[in-house]
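In what follows, a single structure is set out as structure tokens and then discussed.
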Amino acid sequence: MATSVFRLPIENFNEFEIHLIGTQLSDTGTGKSGRGSVVSEEISVAEAYSKGRTIFMGLELLIAPGALVPRPETELLGTTALDVLSQMNLPAPRVIDMCCGAGNLACAIAHYAPTALVWASDLTDGCVEVARRNVAHHVLADRVSVLQGDLFSAFSGLKLDGTMDVIICNPPYISEKRLEGDRAHLTELEPREAFAAGPYGLSIHMRVIKDAPRYLRRGGILLFEVGLGQDRQVISLLERSKAYETIRAVTNEAGEGRVVMGHTTPQA
Numbered sequence: 001m002a003t004s005v006f007r008l009p010i011e012n013f014n015e016f017e018i019h020l021i022g023t024q025l026s027d028t029g030t031g032k033s034g035r036g037s038v039v040s041e042e043i044s045v046a047e048a049y050s051k052g053r054t055i056f057m058g059l060e061l062l063i064a065p066g067a068l069v070p071r072p073e074t075e076l077l078g079t080t081a082l083d084v085l086s087q088m089n090l091p092a093p094r095v096i097d098m099c100c101g102a103g104n105l106a107c108a109i110a111h112y113a114p115t116a117l118v119w120a121s122d123l124t125d126g127c128v129e130v131a132r133r134n135v136a137h138h139v140l141a142d143r144v145s146v147l148q149g150d151l152f153s154a155f156s157g158l159k160l161d162g163t164m165d166v167i168i169c170n171p172p173y174i175s176e177k178r179l180e181g182d183r184a185h186l187t188e189l190e191p192r193e194a195f196a197a198g199p200y201g202l203s204i205h206m207r208v209i210k211d212a213p214r215y216l217r218r219g220g221i222l223l224f225e226v227g228l229g230q231d232r233q234v235i236s237l238l239e240r241s242k243a244y245e246t247i248r249a250v251t252n253e254a255g256e257g258r259v260v261m262g263h264t265t266p267q268a
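For the sequence shown, counting from 1, position 268 maps to 268 in the UniProt record's numbering; every step adds exactly one.
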């Protein structure tokens, strides 16, 4: 795709066009390859479900089938969000945790940012149930609310428009094709909804990018976890929206872009 000097609204681009931007999309999800690592991953998930507990960002979390087992790589999104909140230095920062899964990010943020108020949401019964159990387990119910719905529809009627300082989202980001192919093992133990994200693994990113400015205050920040190789595609999505600026990727210790973030513009 040729680069245009115009900034078109995000609605003017479909997933295939975004897929063509930059390098070839690699939506491996966990970033592991080879049968040996697949077996290790399956064992790790099975063991976690068997124990009913796991550790995320130093916190013990309850887990159960129906919610994704929190992954170590997602800690980068959590620590980046905490860094952002620290830099904001607000007395009571307001945070949305979209696609909250087991509530690992919501609980970690509320635990390590003890004045933060967090609204977490997910679509499925299993995720909402486990997330609420974790909120209760860490005695955070006074600052963390877990709601159920399709992305931002979960917050309908709560009058949260324009009040959020930060939105974090660890969305599904694996293509349907790969879930039918080399990533099919992921759905043997964990819910398909935790992984499936349309033909190119970008469907949820696109929806959240479009709707997040309604809830973020001016200068608020949207942060995503992305699959390996998806950082350039998600950056392109944010750049083609008029609602974001200061867009960048955050890399892990291996130099891989696994978090993408952008600030809302004054005109958003």
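Every residue, glycine too, gets a C-beta built ideally from N, C-alpha and C.
Query, Result
"Limits of the unbroken alpha helix (DSSP H) element including arginine 207", "203-211"
"Distance between glycine 103 and threonine 79 (C-alpha atoms, nearest Å)", "15 Å"
"Residue nearest to glycine 262 in terms of C-alpha spacing, selected from Asp165, Ala254 and Pro171", "Asp165"
"Supposed close pair alanine 113, proline 93 - CB separation, criterion 8 Å", "7 Å"
"Sub-8 Å separation of leucine 85 and alanine 116 beta-carbons", "yes"
"Reference isoleucine 96, options Ile221, Asp83, Glu129 and Ala141, closest by Cα", "Ile221"
"Per DSSP, cross-strand counterpart(s) of glutamine 148", "Asp122"
"Arginine 94 Cβ short of 7 Å to the ligand NAD heavy atom set", "Annotation note on the ligand NAD: not contained in the displayed structure, which lists no ligands."
"Simplified DSSP assignment, three categories, for cysteine 169", "strand"
"Glutamine 148 versus cysteine 99 - alpha carbon distance", "10 Å"
"Given aspartate 125 as reference, the closest of Gly255, Trp119 and Ala67 once Cα atoms are compared", "Ala67"
"N- and C-terminal bounds of the beta strand (DSSP E) containing alanine 110", "No beta strand (DSSP E) contains alanine 110, which is instead part of the alpha helix (DSSP H) from 104-112."
"Residues near valine 250 in its chain [Cβ-Cβ closer than 6 Å; skip 5 each side]", "Thr80 and Val259"
"Residue from Leu160, Ser153, Glu256 and Phe56 with nearest C-alpha to aspartate 231", "Glu256"
"Closest residue to serine 156 among Ser241, Ser121 and Cys127 (Cα-Cα distance)", "Ser121"
"Beta-carbon gap between phenylalanine 56 and alanine 108 smaller than 8 Å", "yes"
"As assigned by DSSP and simplified to three states, the class of isoleucine 63", "coil"
"Same chain only: Cβ atoms within 7 Å of lysine 51, ignoring 5 sequence neighbours per side", "none"
"Of the listed residues Lys242, Ser44 and Glu60, nearest to arginine 133 (C-alpha basis)", "Glu60"
"Where serine 153 falls, given that 16 or more other Cβ within 10 Å makes a residue buried", "exposed"
"For phenylalanine 155, the residue or residues it bridges with in DSSP", "For phenylalanine 155, which the question treats as bridged, DSSP gives no partner whatsoever."
"Burial state of threonine 264, where buried means 16 or more other Cβ atoms lie within 10 Å", "buried"
"Cβ neighbour criterion (16 or more within 10 Å) applied to alanine 254", "exposed"
"Local conformation of glycine 257 per DSSP, three classes", "strand"
"Enclosing alpha helix (DSSP H) for alanine 81 [first to last residue]", "75-88"
"Status (buried if at least 16 other CB within 10 Å, exposed otherwise) for residue 272", "One cannot answer for residue 272 here, as it falls past the ends of the chain, which runs 1 to 268."
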